[in-house]
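Notes follow once the structure below has been shown.
Number of protein chains: 6
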Amino acid sequence: MEMYLPILFVASLLFSYSHGSVLDFCVADFSLPDGPAGYSCKKPAKVTVNDFVYSALGIAGDTNNLIKAKVTPAFAAQFPGVNGLGLSMARLDLAVDGVVPIHTHPGGSEILFVVEGTICAGFISSSANTVYFKTLYKGDVMVFPQGLLHFQFNSGNKPALAIVSFSSPSPGLQITDFALFANNLPSALVEKVTFLDDAQVKKLKAVLGGTG
Amino acid sequence: MEMYLPILFVASLLFSYSHGSVLDFCVADFSLPDGPAGYSCKKPAKVTVNDFVYSALGIAGDTNNLIKAKVTPAFAAQFPGVNGLGLSMARLDLAVDGVVPIHTHPGGSEILFVVEGTICAGFISSSANTVYFKTLYKGDVMVFPQGLLHFQFNSGNKPALAIVSFSSPSPGLQITDFALFANNLPSALVEKVTFLDDAQVKKLKAVLGGTG
Amino acid sequence: MEMYLPILFVASLLFSYSHGSVLDFCVADFSLPDGPAGYSCKKPAKVTVNDFVYSALGIAGDTNNLIKAKVTPAFAAQFPGVNGLGLSMARLDLAVDGVVPIHTHPGGSEILFVVEGTICAGFISSSANTVYFKTLYKGDVMVFPQGLLHFQFNSGNKPALAIVSFSSPSPGLQITDFALFANNLPSALVEKVTFLDDAQVKKLKAVLGGTG
Amino acid sequence: MEMYLPILFVASLLFSYSHGSVLDFCVADFSLPDGPAGYSCKKPAKVTVNDFVYSALGIAGDTNNLIKAKVTPAFAAQFPGVNGLGLSMARLDLAVDGVVPIHTHPGGSEILFVVEGTICAGFISSSANTVYFKTLYKGDVMVFPQGLLHFQFNSGNKPALAIVSFSSPSPGLQITDFALFANNLPSALVEKVTFLDDAQVKKLKAVLGGTG
Amino acid sequence: MEMYLPILFVASLLFSYSHGSVLDFCVADFSLPDGPAGYSCKKPAKVTVNDFVYSALGIAGDTNNLIKAKVTPAFAAQFPGVNGLGLSMARLDLAVDGVVPIHTHPGGSEILFVVEGTICAGFISSSANTVYFKTLYKGDVMVFPQGLLHFQFNSGNKPALAIVSFSSPSPGLQITDFALFANNLPSALVEKVTFLDDAQVKKLKAVLGGTG
Amino acid sequence: MEMYLPILFVASLLFSYSHGSVLDFCVADFSLPDGPAGYSCKKPAKVTVNDFVYSALGIAGDTNNLIKAKVTPAFAAQFPGVNGLGLSMARLDLAVDGVVPIHTHPGGSEILFVVEGTICAGFISSSANTVYFKTLYKGDVMVFPQGLLHFQFNSGNKPALAIVSFSSPSPGLQITDFALFANNLPSALVEKVTFLDDAQVKKLKAVLGGTG
């Protein structure tokens with residue numbers, strides 16, 4: 053069937069990339085410099101399907117801690133396949149009484165799906181400090197707009213599990229308590245910018261490992 | 053405690069928005085015009101927490117059909133709270149032997165989390181037509197770069213459930229078979245642009261309801 | 053000089069827009085719907101230079117309040133000329149001992165120029181809770197990356213004035229204390245998501261006008 | 053063939069949009085408000101293939117004018133199908149000695165393909181005022197980076213035709229001479245901001261129809 | 053004229069970039085890492101006008117193949133000057149009976165100008181699988197929204213030539229047939245995700261060089 | 053207090069970044085390659101608060117030159133902390149009779165705050181060449197939309213100072229006179245694309261140091 057060869061020939065001729073480049077994706081190569089748009093790309097020839105698959109979200113997070121919760125991220129820094137693709141994911145385990153304290157994601161919006169259990173979740177808008185919160189049940193979805201303070205806690209009587217996604221491969225996570233009390237920001241300064249009492253600040257600094 | 057009033061006064065004075073506008077979010081109002089960036093915003097005063105919560109993904113999709121699969125979207129058109137927030141979600145039910153036929157999302161990348169079951173998923177890159185596919189188990193995550201052909205099917209022996217997210221509130225879904233065979237695109241034209249045989253085209257047009 | 057007429061003719065013929073549309077700018081028309089990208093545009097024929105000029109930042113903010121500070125915004129909601137242009141501005145007045153409590157701008161980065169006085173300013177990064185803060189003097193510039201908690205306070209002995217700009221026409225402003233204590237978020241819930249003591253929460257709710 | 057009905061049933065059930073919305077495209081509806089991202093969308097049900105096809109670029113521009121050139125745009129304001137799609141096109145006719153005077157496109161980069169004739173084209177970079185210009189022949193392509201001053205003129209001895217595309221549906225076109233001399237900007241002011249002599253300014257204002 | 057020197061002095065003093073950096077453009081340097089936003093930039097000092105000019109689109113594509121068509125791209129991988137500029141171009145040669153089979157560009161919209169001949173072109177929308185197609189004549193322009201399946205074929209009786217542009221420097225090109233049949237995707241899997249018959253799949257795999 | 057240790061443990065366990073990466077910011081490292089989105093990032097471990105503070109805008113620009121004006125930029129090339137953050141700043145000193153000649157910023161919009169003095173500022177829109185200009189006094193703000201020709205000059209009788217911000221870390225600055233007359237663009241070519249007289253072009257080339 054000589055007709056096959058010409059088409060096959062076409063298959064390679066019709067459109068050929070130079071430089072062996074594939075810009076369909078940009079799997080992060082952490083050994084190269086990163087820039088404002090994300091990490092540099094791994095050479096396409098070295099990319100395999102395993103770069104696009106991540107299994108750590110299948111493992112229950114260890115909630116044996118005081119907040120009884122664990123966030124397991126699949127951001128670009130953990131899951132290089134999402135680099136440059138405008139999204140990422142995380143697993144949220146909440147034991148009974150578990151809570152993800154009030155926090156923001158500086159770089160993206162979040163959407164949450166309740167896989168198991170009952171979760172009370174909410175966020176606060178920036179202008180009028182309006183609060184939007186609700187108890188979510190298995191199968192419910194809630195969205196948290198970019199950069200706004202929000203929280204999730206287990207409001208049921210058994211462990212809860214949620215899968216959350218973000219509109220950025222590197223959304224960041226800034227837990228307000230950790231930002232204020234888990235570092236060397238001087239207590240006097242914390243008090244000045246939060247109106248909190250000195251005893252309260254020092255108590256939380258002690259709990260969260262902060263100094264100063 | 054006269055000191056309370058002055059601060060309270062500050063609370064309203066320190067920063068006040070005119071026009072009662074909140075640009076933290078833009079819940080879709082389908083009665084107003086839409087534009088390239090999405091739907092117009094519902095007036096903030098009418099927004100409630102229910103605009104940010106969606107429960108339809110908690111309901112198992114009806115897979116009692118020939119492909120034995122169902123995609124239940126929570127895109128901006130169904131879930132107005134995600135409008136303008138750069139993400140959306142969907143539920144994917146795959147009965148035994150269920151398949152989501154090869155398709156693309158013209159407007160965004162996708163990330164998938166396997167909630168239950170075993171799913172074989174893959175995508176094809178654009179330059180060298182390289183195929184990346186793998187069997188995914190409960191808890192596995194896979195990412196599908198924007199605009200590329202991809203598929204998912206149940207490769208296990210019990211129903212499978214996945215939650216997928218997108219990097220756009222309106223990613224779109226274009227199933228190749230439906231695009232080719234479920235409309236009035238003339239058979240001769242389909243054949244010309246696909247190299248498929250006339251009998252094959254007519255068979256699938258009949259199955260999928262296409263005419264011409 | 054008959055040669056003038058033909059060129060003049062060219063001036064109108066060389067390039068003509070239909071619909072009298074000018075997309076160089078999009079001055080906000082608050083009477084029309086807004087969308088994810090901002091407000092709708094005022095008709096170009098009604099736009100004057102005054103739409104691009106704003107004088108309220110020339111007026112010293114009233115710092116006669118307990119935080120001894122005032123933020124005067126020129127965001128799109130106040131200054132319609134910046135709508136769609138990717139930036140905005142604000143004036144920051146800090147009396148002696150004045151402070152802008154810890155806060156975020158959900159929608160943009162900030163850059164600050166000290167016009168008068170001495171200001172201590174800082175921000176906290178999201179991953180390791182690293183603190184970056186410094187005393188700024190007249191003429192100093194500091195940049196605060198998008199979405200991160202930051203603060204400014206007068207660390208001198210006379211009033212301070214700063215001009216700040218943002219990378220968005222509607223960056224938002226979320227002061228953590230107001231978000232937590234100036235609304236109807238129940239005290240028990242605040243305590244759960246902040247680890248703060250009940251007495252501290254109730255004290256600040258009282259000061260800032262919160263209920264619940 | 054009862055098997056056909058179920059699949060057909062699937063075709064409509066597998067994925068259904070509410071609100072009859074199609075966000076694949078956003079054909080401009082000039083009767084609705086426009087915003088920073090472009091014009092509002094025509095209702096999908098009223099969209100036809102003719103919204104995506106434009107024939108005015110097939111007509112030679114009238115170069116019977118002093119600059120002996122004509123730009124025929126297919127921007128969103130003329131060709132509503134490109135609204136929201138991130139690109140547009142124009143036709144450039146250059147009679148012998150024709151010139152498109154130095155100009156910028158405030159909103160996008162430009163790429164030019166010479167269909168017929170010989171065109172000298174160039175641009176000037178912003179930092180070191182480096183000039184990049186070259187004579188282009190039939191089939192040559194040249195790119196002009198966003199916002200930079202550039203020009204094209206016929207450097208051959210027969211009419212030239214180029215097709216140009218832009219990285220925006222509304223790139224704008226600001227011809228420096230028209231911006232300076234074809235309006236009511238007072239001559240003294242023009243002279244102050246250009247260093248041009250009074251006689252030169254008045255001569256060009258007369259030619260281009262400016263006043264003041 | 054000693055006055056010249058001071059101004060000249062001003063010319064260099066008024067505004068000086070450090071680091072010899074020019075961010076007006078970013079000509080691709082393929083020897084450096086690439087990232088999600090494109091290739092790294094060639095040092096400005098080494099950039100010449102030839103980096104912004106590309107001549108390969110002036111050469112007729114070889115259509116001596118079974119599809120009787122050839123796409124000659126000027127994407128960033130071939131034409132480094134467009135890197136980072138938000139656009140690119142390609143030449144489309146269609147011999148009599150030539151066809152560009154149904155395909156997508158994962159990364160951008162396309163606009164086509166018919167230089168010579170008659171071309172039937174169309175695309176299919178994602179939600180209702182609506183088909184938009186039309187016969188285009190010399191001078192006609194058609195736009196194809198991002199990520200949607202589309203096709204072009206010569207519907208006249210002489211060769212046709214089109215110039216197409218894209219809203220991305222690296223739009224990609226995914227021809228559905230090549231994605232399905234020109235690689236090692238197993239036939240059984242292709243059949244599962246396309247509903248095509250085994251004989252049809254194997255026939256096309258043979259024609260297009262696929263294995264499995 | 054054994055309760056402290058567990059929470060402290062949580063503080064490090066709850067969320068941990070791999071690769072020591074911080075994507076909250078991307079301080080420019082000029083020793084690494086740059087790309088379309090900006091400069092590569094300095095390693096987070098080497099970043100200090102001084103990377104986010106810049107003091108050069110506190111120093112009055114030397115206006116002892118013929119235009120009696122000085123622009124002191126704090127763009128990414130001078131102030132690496134703004135890299136990737138979507139904004140930058142500059143200081144504008146205008147002695148009596150000082151002028152910033154007509155110019156554009158190819159990469160961003162500008163907002164100006166008058167710190168001292170009286171400044172006449174304006175811009176010209178692209179379609180109808182409409183001029184928008186006004187005298188600004190201390191405290192006034194004016195915005196200049198992206199890519200449009202604009203100017204500022206001292207219209208008072210004492211020195212003026214303005215702080216300007218941009219919607220890009222690298223907005224660029226193209227002064228029309230310098231682009232036309234301060235380089236080696238041949239006079240005949242300048243005349244062809246500007247309609248200026250030969251004597252005028254040669255006079256300005258001499259003043260601004262241009263050749264050819």
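Chains as they are written, first to last, in our numbering: chain P, 53 to 264; chain E, 53 to 264; chain C, 53 to 264; chain H, 53 to 264; chain U, 53 to 264; chain B, 53 to 264. Ideal placement from N, C-alpha and C gives every residue a C-beta, glycine not left out.
CB contact below 8 angstroms: residue i versus chain D
{"i": "Val167/B", "result": "As a matter of chain content, chain D is missing from the structure shown, whose protein chains are P, E, C, H, U and B."}
Residues that residue i contacts on chain U, provided the C-beta gap is smaller than 9 angstroms
{"i": "Ala231/P", "result": "Here the premise fails: no neighbours, minimum Cβ distance about 28 angstroms."}
Residue i in three-state terms, based on DSSP
{"i": "Leu213/C", "result": "strand"}
{"i": "Asp145/C", "result": "strand"}
{"i": "Leu164/B", "result": "strand"}
{"i": "Asp250/U", "result": "helix"}
{"i": "Asn102/U", "result": "helix"}
{"i": "Lys244/E", "result": "helix"}
{"i": "Leu256/B", "result": "helix"}
{"i": "Gly110/P", "result": "helix"}
{"i": "Leu188/E", "result": "strand"}
{"i": "Gly133/C", "result": "helix"}
Spatial distance of residue i from residue j (CA atoms)
{"i": "Leu57/U", "j": "Ala231/P", "result": "Unreliable placement is indicated for Leu57/U, whose pLDDT of 38 sits below 50; the coordinate value is still reported in the next sentence. Each residue's alpha carbon lies about 55 angstroms from the other."}
{"i": "Val253/H", "j": "Pro125/C", "result": "41 angstroms"}
{"i": "Asp250/C", "j": "Leu237/C", "result": "13 angstroms"}
{"i": "Met53/P", "j": "Ser177/U", "result": "Low per-residue confidence applies at Met53/P: pLDDT is 28, beneath 50, and the placement is therefore not dependable enough to give any value."}
{"i": "Phe203/B", "j": "Gly191/C", "result": "24 angstroms"}
{"i": "Val99/C", "j": "Pro85/C", "result": "18 angstroms"}
{"i": "Ile215/E", "j": "Leu144/U", "result": "41 angstroms"}
{"i": "Tyr106/P", "j": "Ser207/P", "result": "29 angstroms"}
{"i": "Val151/E", "j": "Lys257/U", "result": "22 angstroms"}
{"i": "Phe233/C", "j": "Ile154/C", "result": "13 angstroms"}
{"i": "Phe185/E", "j": "Cys172/E", "result": "7 angstroms"}
{"i": "Ser179/H", "j": "Val79/U", "result": "16 angstroms"}
{"i": "Asn209/B", "j": "Gly169/B", "result": "8 angstroms"}
{"i": "Thr263/C", "j": "Val183/P", "result": "12 angstroms"}
{"i": "Gly261/H", "j": "Asn181/B", "result": "12 angstroms"}
{"i": "Val134/E", "j": "Phe175/P", "result": "14 angstroms"}
Given residue i as reference, the closest of the options once Cα atoms are compared
{"i": "Tyr189/H", "options": "Gly174/H, Ala212/H and Phe175/H", "result": "Ala212/H"}
{"i": "Thr274/U", "options": "Leu200/U, Phe205/U and Lys95/U", "result": "What the structure shows of chain U is the stretch from 53 to 264, and residue 274/U is not part of that stretch, so it cannot be assessed."}
{"i": "Val101/C", "options": "Gly160/B, Asp76/B, Pro197/B and His155/B", "result": "Pro197/B"}
{"i": "Ala108/P", "options": "Leu200/E, Val148/E, Met194/E and Ala240/E", "result": "Met194/E"}
Contact list for residue i against chain U, beta-carbon separation under 8 angstroms
{"i": "Asn135/P", "result": "Pro88"}
{"i": "Gly150/B", "result": "By Cβ distance, chain U contributes nothing, its closest Cβ being about 11 angstroms from Gly150/B, past 8 angstroms."}
Contact list for residue i against chain B, beta-carbon separation under 7 angstroms
{"i": "Pro158/P", "result": "Asp76"}
Chain-ordered neighbours of residue i on chain H, where CB pairs are closer than 7 angstroms
{"i": "Ala128/U", "result": "Simply none; closest approach about 10 angstroms."}
Neighbour list for residue i in chain U, Cβ cutoff strictly below 7 angstroms
{"i": "Ser222/B", "result": "Leu75"}
Neighbour list for residue i in chain H, Cβ cutoff strictly below 8 angstroms
{"i": "Pro85/E", "result": "Asp81, Leu84, Pro85, Ser92 and Cys93"}
Listed by chain order, chain P residues near residue i by CB distance under 7 angstroms
{"i": "Ser178/C", "result": "Pro158, Gly224, Leu225 and Gln226"}
Chain C contact residues for residue i, given Cβ-Cβ distances below 9 angstroms
{"i": "Ile154/P", "result": "Thr228, Ala231, Leu232, Val242, Val245 and Thr246"}
Next item on the list: Identify each residue in the region 239 to 253 of chain E for which the Cβ-Cβ distance to at least one residue of chain U is less than 9 angstroms, and report them in chain order.
Entry: Leu241, Val242, Lys244, Val245, Thr246, Phe247, Leu248, Asp249, Ala251 and Gln252
Check: Using a Cβ cut-off of 9 angstroms, which residues of the region 180 to 195 of chain U contact any Cβ in chain H, in chain order?
Finding: Ala180, Asn181, Thr182, Val183, Tyr184, Phe185, Lys186, Leu188, Tyr189, Lys190, Gly191, Asp192, Val193, Met194 and Val195
Next item on the list: Could you run through the region 197 to 215 of chain E and flag, in chain order, every residue whose CB is less than 8 angstroms away from some CB of chain U?
Entry: Pro197, Gln198, Gly199, Leu200, Leu201, Phe203 and Phe205
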